[in-house]
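Read the structure below first, then the notes.
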Amino acid sequence: MHSISILILFLSLSLSVFTPRALDLESDRAALVSLRNAVKGRLRLWNISASPCSWNGVTCTQNRVTELRLPGMGLVGQLPIGIGNLTQLITLSLRFNALSGPIPPDFADLALLRNLYLQKNSLTGEIPGFLYDMQSLVRLNLADNNFSGEILDRINNLTRLGTLLLESNDFSGRIPDINISSLTQFNVSFNRLNGSVPERLSGLPTSAFEGNSLCGKPLEACSGSGTGNKLSGAAIAGIVIGSFIVFVIVMVLLIVLCQKRKSNGKDFVPAKGRDVDIPREKTVVEESESRSTMSVSASARSSKSLVFFGNVAKTFDLEDLLKASAEVLGKGTFGTAYKASLEMGMAVVVKRLKDVKVSENEFRERIDEIGRMVHVNLVTLRAYYYNRDEKLLVYDYVPLGSLSALLHGQRGSNRTPLNWETRSGIALGAARAITFIHSHGSTISHGNIKSSNILITVSYEARIALECTAQYPDKRPSIAEVTNQIEDLCSFSSQQMQETNPELFYDEDEGFSQQFHSTNSGAPASSV
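All letters in the sequence shown, in the order written, are residues 2 to 529 by the numbering used here.
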């Protein structure tokens, strides 16, 4: 009888301990099943009769779902209400899918959420108000969606935030005065923002703000608003009267001077100018193994200056460029590229063109066309310089260098290989750039597309620099040739590609997806 009592007590304690956890896991299961039923994609492969902790992309801690990572799963549709029931969730990654609609309101219940990755989708609406109160957030990435509205001052409520990436959306209004000491990554480029860059963010690179109507450091200085500087009527009258008096005095002095010259019988005859030939210095490029300097001929420097584009900040001039230490980055068909480290601390890339036989008007016409082309996957052309003896293009410096260096440059145990998700993102970015370039006029060229000419940003996005010297469209490679070059990113068959990264086959750039598939499967690819 005593043994039976002990057994009953043990069973009671067991039920009191394990039943709540089992119920919590069932609540997590229900939330995941609601997501599975709401969207199309590879979530259909989940075995709902098994424990959700065994499902692909789901990580559990102490029998609760703490991480949900579903990047590139081909998810199509709107996020359902129910994800908020994952109350122990720390990381939610739904990037590189085709999700649409707003962020569900029950996300407000994810009180422990630290990492939210929603980039590369088609989500819409404003940043929901509750998101500004999720004080556990450390990383927030909403880039490459269709979010709109303003970025509120309440963003300062997220005191632990280290990453805030909002580029390539439709945000408008001003940038709030963000005062978050832990913030290290910030990007709002390619939106519809206006006004001045807050002083606390002025130390960030121009790439964090480009593609907007912004001004102020690190961009071009803001013009005076005119408020508070209007002159009174009396001040204007004083200026007019003073100017008139000065004019009268100058006229009187000129008359007196002329009378004196006539009275002395001496006419003022300017001396005949004499042409003086100054020997032109030869253009010199001093190159060493890692460092070099650029020098421009004296005739090339005379009365010419750098021409900047649009809202690009004019933070340096030609003399600053010539005084900069230069590192040879590479040589190509159109000339040599240098990394120029300016005395002020910033770095730019200078492309020194060679054998470009075009008139100044034709050169400026083509360069102006390039300067008007703005795309997230094109390297920003900051300025240019034209002289009969010297032609320079000045681009933003992309710190990670080329794709070739990233893939093959570092060897050994310390090398971190690119995962397929990153490779596919780079390939898609390069394809979008090529498609954008081909949609413009015949004077624009992207040059020879290969892995050494595809530049990679710190966020692992592809950037391509434009050239302006290819006169014939048939000299430009087709998309099929481009994808053959990008195939350097791939090391397995098209079947593995489709299994590993289906968004290539569901991407809006369907033409490129088919070309990419054809290139990797060996089938002929039609030119785009």
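Just so it is clear, CB atoms sit at the ideal spot from N, CA and C, and this is done for glycine as well.
Inset, instruction - Could you tell me the distance, in whole angstroms, from the CA atom of L165 to the CA atom of I455? - result: Position 164 of the sequence shown holds residue 165. Position 454 of the sequence shown holds residue 455. Distance between the alpha carbons of L165 and I455 is about 26 Å.
Legend entry - N- and C-terminal bounds of the alpha helix (DSSP H) containing S405: For this step, residue 405 is matched to residue 404 along the sequence shown. Unbroken alpha helix (DSSP H) run through S405: L404 to H409.
Inset, instruction - Could you tell me how far apart the beta carbons of I91 and L114 are, in whole angstroms, since I believe they sit closer than 8 Å? - result: For this step, residue 91 is matched to residue 90 along the sequence shown. For this step, residue 114 is matched to residue 113 along the sequence shown. With a Cβ gap of about 7 Å, I91 and L114 count as contacting.
Inset, instruction - Throw me the rounded Cβ distance for the K41 and G83 pair, which I believe falls under 8 Å. - result: Indexing the sequence shown from 1 puts residue 41 at position 40. Indexing the sequence shown from 1 puts residue 83 at position 82. With a Cβ gap of about 17 Å, K41 and G83 do not count as contacting.
Inset, instruction - Take N48 and list the residues in its own chain whose beta-carbon comes closer than 8 Å to its own, dropping the five residues that flank it on each side. - result: Along the sequence shown, read from residue 1 onward, the residue named residue 48 stands at position 47. Within the same chain, and ignoring the five residues on either side of N48 in sequence, the residues whose Cβ sits closer than 8 Å to its Cβ are S55 and W56.
Inset, instruction - Counting only the same chain and skipping the five closest in sequence on each side, list residues whose C-beta sits under 8 Å from that of R193. - result: Reading the sequence shown from its first residue, position 192 is the one you call residue 193. Shown here for R193: same chain residues with a beta carbon closer than 8 Å to its own, the five before and five after excluded, namely D171, F172, S173, N213 and S214 in chain order.
Legend entry - 7 Å Cβ cutoff met for N116 and R140: As a position in the sequence shown, residue 116 is number 115, starting the count at 1. As a position in the sequence shown, residue 140 is number 139, starting the count at 1. Taking 7 Å as the cut-off, the beta carbon of N116 is found closer than this to the beta carbon of R140.
Legend entry - Nearest neighbour of D596, chosen from A341, G217, G331 and D107 [CA to CA]: Any property of residue 596 remains undetermined from this structure, which presents the chain solely from 2 to 529.
Legend entry - Helix, strand or coil at L354 according to DSSP, with G and I counted as helix: As a working mapping, residue 354 is identified with position 353 in the sequence shown. Strand, per DSSP.
Inset, instruction - Look at K352 and L394 and say whether their C-beta atoms are less than 7 Å apart. - result: Your numbering for residue 352 matches position 351 in the sequence shown. Your numbering for residue 394 matches position 393 in the sequence shown. Note that the C-beta distance between K352 and L394 is below 7 Å.
Legend entry - N- and C-terminal bounds of the alpha helix (DSSP H) containing G372: Taking the sequence shown and counting its residues from 1, one reaches residue 372 at position 371. That run of the alpha helix (DSSP H) goes E361 to G372.
Inset, instruction - Check each candidate in D356, C223 and S203 and name the one with the smallest Cα separation from F335. - result: In the sequence shown, the residue the question calls residue 335 occupies position 334. Checking every option, the nearest Cα to that of F335 belongs to D356.
Legend entry - Whole-angstrom distance between R96 and Q1, CA atom to CA atom: This structure cannot settle anything about residue 1, because the visible part of the chain is limited to 2 through 529.
Legend entry - Sequence-distant residues of its chain with Cβ nearer than 6 Å to S197 (five each side left out): Within the sequence shown, the letter at position 196 stands for residue 197. So the list reads C216, G217 and C223, once near-sequence residues are dropped.
Inset, instruction - Please confirm if the region 379 to 390 is in contact with the region 424 to 433, defined as three or more CB-CB distances below 8 Å between the two stretches. - result: These segments do not touch.
Legend entry - CA-to-CA distance, A144 to E211, given in whole angstroms: Indexing the sequence shown from 1 puts residue 211 at position 210. Indexing the sequence shown from 1 puts residue 144 at position 143. Each residue's Cα considered, the two are about 14 Å apart.
Legend entry - Residue burial classification, I250 (beta-carbon count within 10 angstroms, cutoff 16): For the purposes of this step, residue 250 is identified with residue 249 of the sequence shown, where counting begins at 1. With fewer than 16 other Cβ atoms within 10 Å, it is exposed.
Legend entry - Exposure of S137, with buried meaning 16 or more beta-carbon neighbours within 10 Å: Translated into the one-based positions of the sequence shown, residue 137 becomes position 136. Burial call: exposed.
Legend entry - Beta carbon of G126 nearer than 7 Å to that of D107: Indexing the sequence shown from 1 puts residue 126 at position 125. Indexing the sequence shown from 1 puts residue 107 at position 106. Between G126 and D107, the C-beta spacing is not below 7 Å.
Inset, instruction - Would you decide whether T337 is buried or exposed? Buried here means 16 or more other CB atoms lie within 10 Å of its CB. - result: Within the sequence shown, numbered from 1, the residue matching residue 337 stands at position 336. Here T337 is buried: its Cβ has 16 or more other Cβ atoms, across all protein chains shown, within 10 Å.
Legend entry - Spatially closest choice to V329 from G402, F437, S208 and K392, by CA coordinates: If you number the sequence shown from 1, residue 329 lands on position 328. When only C-alpha atoms are compared, the closest one is G402.
Inset, instruction - With DSSP as the reference, label S452 as helix, strand or coil. - result: Against the sequence shown, residue 452 aligns to sequence position 451. In the displayed model, S452 falls within a helix according to three-state DSSP.
Inset, instruction - Can you check DSSP and say which residues form a bridge with T88? - result: The residue labelled residue 88 in the question sits at position 87 within the sequence shown. Paired residues: none, contrary to the question.
Legend entry - Rounded straight-line distance, which links the Cα of P219 to that of K273: By 1-based counting over the sequence shown, the position of residue 273 is 272. By 1-based counting over the sequence shown, the position of residue 219 is 218. Only weak support exists for where K273 lies, its pLDDT of 35 falling under 50; the value from the coordinates is given anyway. Distance between the alpha carbons of K273 and P219 is about 49 Å.
Legend entry - Beta-carbon proximity of D178 to P206, cut-off 7 Å: Taking the first residue of the sequence shown as 1, we reach residue 178 at position 177. Taking the first residue of the sequence shown as 1, we reach residue 206 at position 205. Contact annotation: D178 and P206 have beta-carbon atoms that are not nearer than 7 Å.
Legend entry - R65 beta carbon less than 7 Å from that of S94: Residue 94 sits at position 93 when you count from the first residue of the sequence shown. Residue 65 sits at position 64 when you count from the first residue of the sequence shown. For S94 and R65, no; Cβs fall outside 7 Å.
Legend entry - Element boundaries [alpha helix (DSSP H), containing D321]: By 1-based counting over the sequence shown, the position of residue 321 is 320. D321 -> alpha helix (DSSP H) spans L319 to K324.
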